[in-house]
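Okay, structure first, notes after.
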Amino acid sequence: MADYKMDADHPGLAMDRGVQGVLGAGLDRSEGALKVSGAARYGYEHRVEGDVAYGYLITAPAAKGKVKGFEAAAARALPGVIDIILDDPRIPRQAAAFGPAHAGNDAIDHWDQVVGVAIAESFEAARAAAKAVVVHVDIEQGVFDTMANIAHASPPPKDSRLQDIAKGDIDAAMAAASASGGVTIDQIYTTPNQVHAAMEPHASIAVWEGDHLTLHSSLQILSVAKQVLAKSLGIPAEKVRILSPYIGGGFGSKMLGPEAVLAAIAAQKIGRPVKVAMARAQLFHNIYRRTDTTQRIRLAADTNGKLLALAHDSVVSQCPDGGFMEPVALGSLALYEAPVRHFSHKVVTLDMVMAGAVRAPGEAVGTLALETAIDEMAEALGRDPIDFRKLNEPAVDPLTGAPFSTRALVECLDQGAEAFGWAKRAPVPAQRREGEWLIGMGVAAAVRINLLVDSEARVTLKPDGRALVETDMTDIGTGTYTILAQIAGEALGLPMEAIDVVLGDTDLPPGAGSGGSFGAASAGSSVALACEDLVAVLAERMETTAEDMTLKDGHAVAGNRRVPLGELVGAEALVGKGKISQGSNARTFSQAAHGAQFAEVAVNSVTGEVRVRRMLGVFEAGRILNAKLARSQAIGGMIWGIGYALM
Numbered sequence: 001m002a003d004y005k006m007d008a009d010h011p012g013l014a015m016d017r018g019v020q021g022v023l024g025a026g027l028d029r030s031e032g033a034l035k036v037s038g039a040a041r042y043g044y045e046h047r048v049e050g051d052v053a054y055g056y057l058i059t060a061p062a063a064k065g066k067v068k069g070f071e072a073a074a075a076r077a078l079p080g081v082i083d084i085i086l087d088d089p090r091i092p093r094q095a096a097a098f099g100p101a102h103a104g105n106d107a108i109d110h111w112d113q114v115v116g117v118a119i120a121e122s123f124e125a126a127r128a129a130a131k132a133v134v135v136h137v138d139i140e141q142g143v144f145d146t147m148a149n150i151a152h153a154s155p156p157p158k159d160s161r162l163q164d165i166a167k168g169d170i171d172a173a174m175a176a177a178s179a180s181g182g183v184t185i186d187q188i189y190t191t192p193n194q195v196h197a198a199m200e201p202h203a204s205i206a207v208w209e210g211d212h213l214t215l216h217s218s219l220q221i222l223s224v225a226k227q228v229l230a231k232s233l234g235i236p237a238e239k240v241r242i243l244s245p246y247i248g249g250g251f252g253s254k255m256l257g258p259e260a261v262l263a264a265i266a267a268q269k270i271g272r273p274v275k276v277a278m279a280r281a282q283l284f285h286n287i288y289r290r291t292d293t294t295q296r297i298r299l300a301a302d303t304n305g306k307l308l309a310l311a312h313d314s315v316v317s318q319c320p321d322g323g324f325m326e327p328v329a330l331g332s333l334a335l336y337e338a339p340v341r342h343f344s345h346k347v348v349t350l351d352m353v354m355a356g357a358v359r360a361p362g363e364a365v366g367t368l369a370l371e372t373a374i375d376e377m378a379e380a381l382g383r384d385p386i387d388f389r390k391l392n393e394p395a396v397d398p399l400t401g402a403p404f405s406t407r408a409l410v411e412c413l414d415q416g417a418e419a420f421g422w423a424k425r426a427p428v429p430a431q432r433r434e435g436e437w438l439i440g441m442g443v444a445a446a447v448r449i450n451l452l453v454d455s456e457a458r459v460t461l462k463p464d465g466r467a468l469v470e471t472d473m474t475d476i477g478t479g480t481y482t483i484l485a486q487i488a489g490e491a492l493g494l495p496m497e498a499i500d501v502v503l504g505d506t507d508l509p510p511g512a513g514s515g516g517s518f519g520a521a522s523a524g525s526s527v528a529l530a531c532e533d534l535v536a537v538l539a540e541r542m543e544t545t546a547e548d549m550t551l552k553d554g555h556a557v558a559g560n561r562r563v564p565l566g567e568l569v570g571a572e573a574l575v576g577k578g579k580i581s582q583g584s585n586a587r588t589f590s591q592a593a594h595g596a597q598f599a600e601v602a603v604n605s606v607t608g609e610v611r612v613r614r615m616l617g618v619f620e621a622g623r624i625l626n627a628k629l630a631r632s633q634a635i636g637g638m639i640w641g642i643g644y645a646l647m
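Heads up: the sequence shown begins at 1 in my numbering, then just goes up one per residue.
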């Protein structure tokens with residue numbers, strides 16, 4: 001196995017020396033035709049052996065309390081009903097099975113909480129039965145409003161990474177700036193709860209063979225889901241297999257939820273495969289939400305526009321024992337230089353569904369507040385917003401002093417300004433009119449920390465010259481199938497049509513999974529290393545070194561020899577294994593991707609209607625594995641941003 005720990009840059013990969021020309025190319029998704037034709041099967045659509053039954057989740061009509069009983073006789077008597085499960089202690093109480101302890105279904109922690117499942121011969125019969133079950137609840141007074149309870153906000157647990165950070169005295173710095181004629185900003189910004197609504201609902205099919213469970217589902221990180229599902233059911237993890245080849249959108253919510261656990265419980269009880277999907281309305285209360293936030297931003301600048309102090313304090317919400325805490329200030333830690341810095345996070349406990357990760361946890365909500373404050377400070381100083389940002393660009397990480405691995409925020413701002421026509425922007429608001437419409441331009445910096453997660457892959461080079469890439473990595477619609485094939489193709493000198501990629505199966509080597517923007521870097525690195533394993537063997541059989549051998553179009557070339565890869569492989573396939581793991585360079589360097597967003601917006605001066613006329617995003621995102629897919633992801637993020645702002 002080619003096992004590499006990221007203590008330093010790799011000295012050189014076959015992928016880097018490759019001449020096949022597929023890496024970086026803007027190729028179409030390799031699975032695209034399967035998806036648009038309906039041939040790609042998602043969690044609810046897999047065909048399994050056996051007489052499949054249908055489950056429909058039963059939920060409680062209360063937000064806080066205790067279940068005191070059920071009326072289920074009428075539901076059980078409906079045509080086609082097989083069983084009603086209401087009293088199994090393994091039923092999760094929260095959005096994810098690894099949330100609060102499974103204390104059965106007596107405690108109601110949030111509105112519409114899952115308390116059971118109806119099983120029937122058809123979806124319609126299961127739905128009718130679920131709706132016929134009456135759930136009696138002793139209702140208790142709940143806590144639902146962050147602002148009303150902000151005085152009770154508590155600091156994060158001592159083992160949390162979100163401890164307060166203080167560099168200098170923020171209050172003294174604010175006072176000194178004011179006294180010397182500088183400018184200060186002290187504002188509160190709020191964002192609401194946000195809920196996932198993926199195109200594909202959360203759905204699973206559970207099949208038992210003896211004491212072994214196979215779950216067909218739509219999950220992002222399979223190695224974690226396997227462990228959690230096994231723990232939830234009280235069985236060894238080696239008796240669980242999860243298959244998730246296609247995911248119709250995830251971005252944090254497609255972790256192991258109640259529908260998967262209930263499908264497994266139901267299938268085990270009736271001795272038949274059972275499929276369960278959350279209804280669209282149930283999604284809004286039984287999967288992760290992005291927490292609401294209350295953020296206080298304090299900035300102090302001198303008369304020249306240099307920031308003297310930056311503070312970002314946030315309050316978020318979470319269910320009791322929820323664990324996860326939105327890292328709101330994450331993007332603020334190193335975005336701008338300021339000698340005095342202060343960051344804090346607090347949490348209010350609410351009787352709501354668990355708060356969890358939603359696309360870009362931390363930065364998505366935190367940079368909204370910071371960038372708004374930066375604009376307000378630029379206006380107060382009478383400075384151009386781009387010039388103000390560039391003036392406060394740090395040379396090294398302002399918190400740790402570590403050098404940046406790469407940083408091109410200034411270049412993104414400059415290129416974007418030129419392409420967008422920023423020079424035509426009126427420096428004073430409300431200067432450009434078209435009838436009732438006021439037209440303005442805006443800019444904001446974008447940042448996302450870089451993460452690397454341990455990941456393994458296996459690449460098999462077959463006697464016919466084809467390659468097979470295998471890992472339990474998942475594809476949430478971002479193009480993972482395609483980029484992993486491109487990496488293998490470049491490293492092994494194979495055209496795309498000679499590479500097969502199999503993902504989303506826990507029987508395969510454990511990959512990073514999809515989340516945190518770490519998938520491509522982590523899974524891609526493990527595939528590149530597995531190919532390195534193969535290239536070493538091929539070079540040995542060519543009686544040369546890997547550096548002196550060229551792989552292209554299914555052939556190895558060294559000296560005056562040109563040999564088909566299948567011939568080099570021989571009668572028995574070659575297997576390469578690769579593993580990447582985080583090393584010390586995660587601490588040696590400050591690592592993040594940056595970008596600049598530009599928007600032209602029209603606001604109706606009479607009605608207040610807002611129309612986004614055009615947007616431009618300029619991004620520094622490291623090595624681009626597929627130009628078309630990278631651009632698609634950038635556009636998708638911009639669309640999300642518009643939705644956040646206007647909804």
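Note that CB positions come from ideal geometry on N, CA and C, so glycine has one too.
Check	Outcome
Sorted by chain position, which residues of the same chain lie with C-beta nearer than 8 angstroms to C319's C-beta, five sequence neighbours on each side aside?	Q94, G99, P100, D109, H110, T349, L350, D351, M352, V353, M354 and A355
Leaving aside the five residues before and after L333 along the sequence, list all residues of the same chain whose C-beta is less than 6 angstroms from its C-beta, in chain order.	L399
How close, in whole Å, do the beta carbons of L78 and Q282 come, if the pair is a contact with beta carbons under 8 angstroms?	20 angstroms between Cβ atoms; not a contact.
So for K231, helix, strand or coil by DSSP?	helix
Is it the case that the Cβ atoms of Y648 and L310 are separated by a distance below 8 angstroms?	The chain is shown from 1 up to 647; residue 648 falls before or after that span and cannot be answered.
Buried or exposed: where does V115 fall if 16 or more other Cβ atoms within 10 Å of its Cβ makes it buried?	buried
Beta strand (DSSP E) containing R298: first to last residue?	T293 to A301
Less than 6 angstroms between C-beta atoms, sequence neighbours within five positions excluded: which residues of the same chain meet that for N450?	Q591 and A592
Excluding the 5 residues flanking V575 on each side, which residues of the same chain have their C-beta closer than 7 angstroms to its C-beta?	R458 and T460
Measuring only between beta-carbons, confirm whether K66 sits less than 8 angstroms from chain B.	Looking at the structure shown, chain B is missing, and only one protein chain is on hand.
Kindly indicate which residue of Y54, L86, A177 and A62 has the alpha-carbon position closest to the one of A128.	Y54
Tell me where the beta strand (DSSP E) around Q648 begins and ends.	Coverage of the chain is limited to positions 1 through 647, which leaves residue 648 absent and any answer about it impossible.
Where does R561 fall in DSSP's three states?	strand
Helix, strand or coil, according to DSSP, for S223 in the structure here?	helix
Report yes or no: do three or more beta-carbon pairs, one from the stretch 511 to 518 and one from the stretch 218 to 227, lie closer than 8 angstroms?	yes
According to DSSP, is D16 part of a helix, a strand, or is it coil?	helix
Which partner residues does L492 have in the DSSP bridge list?	L492 pairs with nothing; no bridge assigned.
Helix, strand or coil: how does DSSP classify H10 here?	coil
Bridge partners of A599, per DSSP?	G442 and M615
Extract the residue ranges of the beta strand (DSSP E) inside the stretch 120 to 188, only unbroken runs of 3 or more that lie entirely within it.	134 to 139 and 165 to 167
Under 8 angstroms: do the stretch 366 to 382 and the stretch 164 to 171 share three or more Cβ pairs, one atom per stretch?	no
With DSSP as the reference, please indicate the residues paired to T214 in a beta bridge.	V207 and R241
Inspect the CB distances between the stretch 23 to 39 and the stretch 73 to 87 and report whether three or more fall short of 8 angstroms.	no
May I ask you to list the residues that DSSP assigns as paired with I449?	A592
May I have the straight-line CA-CA distance separating G210 from A467, to the nearest angstrom?	35 angstroms
Name the DSSP beta bridge partners of I580, please?	Y4 and S455
Out of D384, S522 and A586, point me to the one whose CA is closest to A402's CA.	A586
Please confirm whether L13 and E532 have their CB atoms less than 8 angstroms apart.	yes
Could you tell me the boundaries of the alpha helix (DSSP H) in which F388 lies?	P385 to L391
Rounding to the nearest angstrom, what Cα-Cα distance links A573 and A523 in this structure?	22 angstroms
Does DSSP put D500 in a helix, a strand or coil?	strand
For the beta strand (DSSP E) holding V347, just list the boundary residues, first then last.	V340 to T349
In the DSSP assignment, what are the bridge partners of H555?	K552 and P564
Pull up the CB-CB distance for A198 and G250, whole angstroms please, since I reckon it's below 8 angstroms.	6 angstroms
Would you identify the three-state DSSP class for H102, choosing helix, strand or coil?	At H102, the pLDDT of 49 sits below 50, so the modelled position is not reliable; the number obtained from the coordinates is stated separately. Coil.
Over the uninterrupted beta strand (DSSP E) stretch that includes E71, give me the two end residues.	G65 to E71
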